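Residue 352 in UniProt numbering is what sits at position 352 of the sequence shown, and the numbering runs on without skipping anything. Ideal Cβ positions, reconstructed from N, Cα and C, are used throughout, including at glycine. This one's a predicted model, so the numbers in the text were calculated from it and none came from an experiment. Contents: one structure, followed by commentary.
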Amino acid sequence: MLKLRDEQLTLWDTILPEEIRKLPAELAIIDELLDDESFLQPFMEKHPTKTKMGRPTYPIEKYLRLMVLKRKYNLGYESLIKEVGDSITWRLFCRIAIDEPMPDPSTLIYARKRYGDEVVEQLNEALLHKLKEKAVLKHRKLRTDTTVVESDIHHPTDATLLQDGVKVITHLVRKIRQVASHAAQGFEDRTAEIKEKILSIAKVLRRRSRESWEEVDRITESVIEVTEAVVEQANAVVAKIRETGKRMAQQSKGRLQTAITLTGQLIRQAKQVVSGTRVIPDRIVSFFDPEARPIKKGKLAKGTEFGYKVRIDETESGFITGYAVYNGNPADDELLIPAVKAHIETFGVAPTAVATDRGFFQQEKRIGSDGARRQTGQLTPKGQERPGENGT
Numbered sequence: 001m002l003k004l005r006d007e008q009l010t011l012w013d014t015i016l017p018e019e020i021r022k023l024p025a026e027l028a029i030i031d032e033l034l035d036d037e038s039f040l041q042p043f044m045e046k047h048p049t050k051t052k053m054g055r056p057t058y059p060i061e062k063y064l065r066l067m068v069l070k071r072k073y074n075l076g077y078e079s080l081i082k083e084v085g086d087s088i089t090w091r092l093f094c095r096i097a098i099d100e101p102m103p104d105p106s107t108l109i110y111a112r113k114r115y116g117d118e119v120v121e122q123l124n125e126a127l128l129h130k131l132k133e134k135a136v137l138k139h140r141k142l143r144t145d146t147t148v149v150e151s152d153i154h155h156p157t158d159a160t161l162l163q164d165g166v167k168v169i170t171h172l173v174r175k176i177r178q179v180a181s182h183a184a185q186g187f188e189d190r191t192a193e194i195k196e197k198i199l200s201i202a203k204v205l206r207r208r209s210r211e212s213w214e215e216v217d218r219i220t221e222s223v224i225e226v227t228e229a230v231v232e233q234a235n236a237v238v239a240k241i242r243e244t245g246k247r248m249a250q251q252s253k254g255r256l257q258t259a260i261t262l263t264g265q266l267i268r269q270a271k272q273v274v275s276g277t278r279v280i281p282d283r284i285v286s287f288f289d290p291e292a293r294p295i296k297k298g299k300l301a302k303g304t305e306f307g308y309k310v311r312i313d314e315t316e317s318g319f320i321t322g323y324a325v326y327n328g329n330p331a332d333d334e335l336l337i338p339a340v341k342a343h344i345e346t347f348g349v350a351p352t353a354v355a356t357d358r359g360f361f362q363q364e365k366r367i368g369s370d371g372a373r374r375q376t377g378q379l380t381p382k383g384q385e386r387p388g389e390n391g392t
């Protein structure tokens, strides 16, 4: 059951002096904004309040304010709970009474997963409309750029990716063995064997010779063979699980099947590499984040980054008014028109000026055909320098 807020006052609401109850100027502005019902609407649409069944959720009013503090001060969930619990000001901002227990960090984590990215997008839209109503947000000009959001993954190699797959499969089979021991009979734990091969690759690479790379390919081939054997045994486990009706075993079977499928993709990918195909489109770089991709942005400090490409749209007021996350590394010149269209959808009018870097140049002439009146050109052709660059 969705619970929007706690309506009941506490004793502390009458005891605390007015001076202590006064929020700092910045938090007071945010507090006033969040009092608008439009910020509760996304939660109400996702979980209708009509139903009275089930345990009440943590109050949305408190959850929303806690997440604002988390983002604003870049806190982890545990740090957030500790800091808010120790601060009267932050408790007042979050509408958490002084004598009220703080929620467990896992409560906020589960809530974030339950509400999802769709609710976050709707909250951002509600904030933009609120700022526009207050005439705080100017939107005549648009600036758009791209960056890379790196995934929290280790540096990928074909052998270590296969190692991750074997580890996960082995872990899942162990769990299955606890509830359906007959299904896991015949499955061999080969994680130590693969770990030994990975360590041998590190020793070989220290030589930094042509022969060392050939030897790495041979070791990778042996890792592929071991992984294929593990996948074959795991498929046999899945087949045996079909014979049991135990719920936990069936749930583990689904996760195991997913791990087997992904590991199979990594095996095919590794075979391509050792056969000489070093450049693979849509290459998987993480077992745990399979949508992440290798991205080169031309930075001197970072040759290749692993994650997602993000387009960020900004107005002349300095507010970020739109964003989009892309899998892979689409060319910047494909992303300008979507940025302009998103601006038009948000504000109802086209920008009078668009500023980007030179990577967006190929779509300069197409802006006008999509409705944006480009009064000021800020697009520099690829490969050309603006006057004054490099000391000229």
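Proximity winner among the options, relative to residue i (alpha-carbon distances)
i: K130; options: I280, R293, S38 and E100; result: S38
i: D357; options: K297, A301, E305 and L66; result: K297
i: T321; options: R255, K141 and A239; result: K141
i: G359; options: Y63, K341, D333 and P338; result: D333
i: V274; options: I176, A159, V204 and A331; result: A159
i: K240; options: E78, A183 and G264; result: A183
i: K138; options: V325, V340, K341 and S317; result: S317
i: E32; options: T57, K82 and C94; result: C94
i: G85; options: D104, N74 and F306; result: D104
i: I312; options: V149, P156, A97 and I169; result: V149
i: E78; options: R283, K113 and T107; result: T107
i: L64; options: E214, S200 and D36; result: D36
i: H171; options: L34, I260 and E61; result: I260
i: I109; options: K70, E121 and K253; result: K70
i: S151; options: Q185, T346, R218 and N327; result: N327
Extent of the continuous alpha helix (DSSP H) to which residue i belongs
i: V68; result: I60 to K72
i: E150; result: Run containing E150: none in the alpha helix (DSSP H); it sits in the beta strand (DSSP E), K141 to E150.
i: A192; result: T191 to L205
i: Q265; result: R247 to V274
i: S286; result: No alpha helix (DSSP H) contains S286, which DSSP labels as neither H nor E.
i: I88; result: I88 to F93
i: T227; result: R210 to I241
i: L80; result: Y77 to G85
i: E32; result: A25 to L34
i: R21; result: E18 to R21
Cβ-Cβ separation, residue j to residue i (assumed contact under 8 Å), whole Å
i: A249; j: A292; result: A249 to A292, Cβ: 31 Å. No contact.
i: V166; j: I194; result: 6 Å
i: N329; j: K309; result: 6 Å
i: M162; j: V223; result: The sequence shown places Leu at residue 162, rather than the Met named in the question. 5 Å between Cβ atoms; contact.
i: L336; j: T147; result: Not really, about 15 Å apart at Cβ, beyond 8 Å.
i: H47; j: L75; result: In fact, because the Cβ distance is near 26 Å, the residues do not count as touching under 8 Å.
i: F306; j: D164; result: Contact flag wrong, Cβ pair sits at about 14 Å.
i: I169; j: V226; result: So it is not a contact: roughly 12 Å between Cβ atoms.
i: F187; j: V173; result: 5 Å
Residue i (DSSP reduced to helix, strand or coil)
i: K134; result: coil
i: V279; result: coil
i: F39; result: helix
i: V349; result: coil
i: A331; result: coil
i: A339; result: helix
i: K299; result: coil
i: S369; result: Since pLDDT at S369 reaches only 44, below the 50 mark, its modelled position is unreliable, and no value is offered.
i: F187; result: coil
i: R5; result: coil
i: D99; result: coil
i: T57; result: coil
i: H182; result: coil
i: S317; result: coil
i: P105; result: helix
i: T157; result: coil
i: H129; result: helix
Beta strand (DSSP E) segment containing residue i, residue limits
i: residue 419; result: With the chain covering 1 to 392 only, the question about residue 419 has no answer from this structure.
i: A355; result: A353 to A355
Beta-ladder partner(s) of residue i, from DSSP
i: Y323; result: I312
i: G307; result: E150 and R293
i: V168; result: Beta-bridge pairing links V168 to no other residue.
Distance cut-off 6 Å: residue i Cβ against heavy atoms of the ligand GTP
i: I320; result: As presented, the structure is devoid of all ligands, the ligand GTP included, so that no description of it is given.
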